[in-house]
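In my numbering, the protein residues as written are 2 to 320.
Worksheet: the structure to be examined is printed underneath.
Spelled out as structure tokens, the structure:
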């Protein structure tokens, strides 16, 4: 896609931009090699740990339940999610040319938004699974059958696709006729909008609307589910039963808090409070740090996953 096809006709007399320059962490030029090493190690940890979870949830007979079906989907999503931003970040850290074309920037933003929306929906589906398991345990096998699990997973993966196609196209149809230096390490919405020289009011309103639909509503559904879950757990007569019920939910709850907390702060805080440094820090948190901790949270706090992982690693060593 040529940059000129993305510009409004009334700005033909302006200098048309055809690419952006991702500044990334160029303000700490003396730390480029260190940052490259750190992000490379983090990326490898994310890919390998999530791949391991996918393998054991697919192959271990004790993990063939809806909860681990969604965990396998979530782990695959995490690999896709970080692969949208981190490889480009690593490339930019080890080369002088940090340019990114309009098409590449739009593509990166689109997949980042789609995978981010999918993560919100999958976390919501996982909360619903825990709600049914704890609040309606006798009906759990009937409600959370294979057909419903596949439908929920497919809905999570596909729901954000059409919305974000139109949204991304609208953003990159704005006129960009000033600086092409994007003060970020990937093509996120706030830094891209700061470079637009047209009226971005409607886009900003749409950002809040989509954030409400994709982030806030799923978060409220999860919050409501956990109110019911906690209420049910507290009514259990056995302390052991309460502890076991809490342990099956705590990992998911921690992941929800980390992901939704940083996402809500990034996209729903007032525009006046945005700064490039803060945006980059928050983006690092939910694009790199949280995905790195998610497998650890799910593994270390889940005995079934730990047992399955030990069995798998022992089989690999014995081969």
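Ideal Cβ positions, reconstructed from N, Cα and C, are used throughout, including at glycine.
* Asked: How is the alpha helix (DSSP H) around residue 94 delimited, first residue to last?
  -> 67-94
* Span separating the alpha-carbon of residue 16 from that of residue 178 -> A caution first: residue 16 carries a pLDDT of 48, below 50, which makes its placement in the model too unreliable to give a value.
* To do: Pull up the distance between the alpha-carbon of residue 96 and that of residue 71, whole angstroms please.
  => 38 angstroms
* To do: Could you please give the first and the last residue of the uninterrupted beta strand (DSSP E) stretch that includes residue 187?
  => It is not in any beta strand (DSSP E) - residue 187 carries neither H nor E in the DSSP assignment.
* Asked: Is residue 21 near residue 106, with beta carbons less than 8 angstroms apart?
  -> yes
* Going straight from the alpha carbon of residue 39 to that of residue 46, what length do you get? -> 11 angstroms
* To do: Buried or exposed for residue 281, please, with buried defined as at least 16 other CB atoms from any protein chain shown within 10 angstroms of its CB.
  => buried
* Segment contact, 8 angstroms Cβ cut-off, at least three pairs: the region 251-269 with the region 280-298 -> yes
* To do: Note down the Cα distance separating residue 108 from residue 56, rounded to an integer number of angstroms.
  => 29 angstroms
* Asked: So what's residue 26 in DSSP terms, helix, strand or just coil?
  -> coil
* **Residues near residue 226 by beta carbon distance below 6 angstroms, same chain, minus five either side** => 128 and 132
* Give, in chain order, every unbroken run of the beta strand (DSSP E) that is at least 3 residues long and sits entirely within the region 115-167. => none
* To do: Look up residue 284 in the DSSP assignment and say whether it is helix, strand or coil.
  => helix
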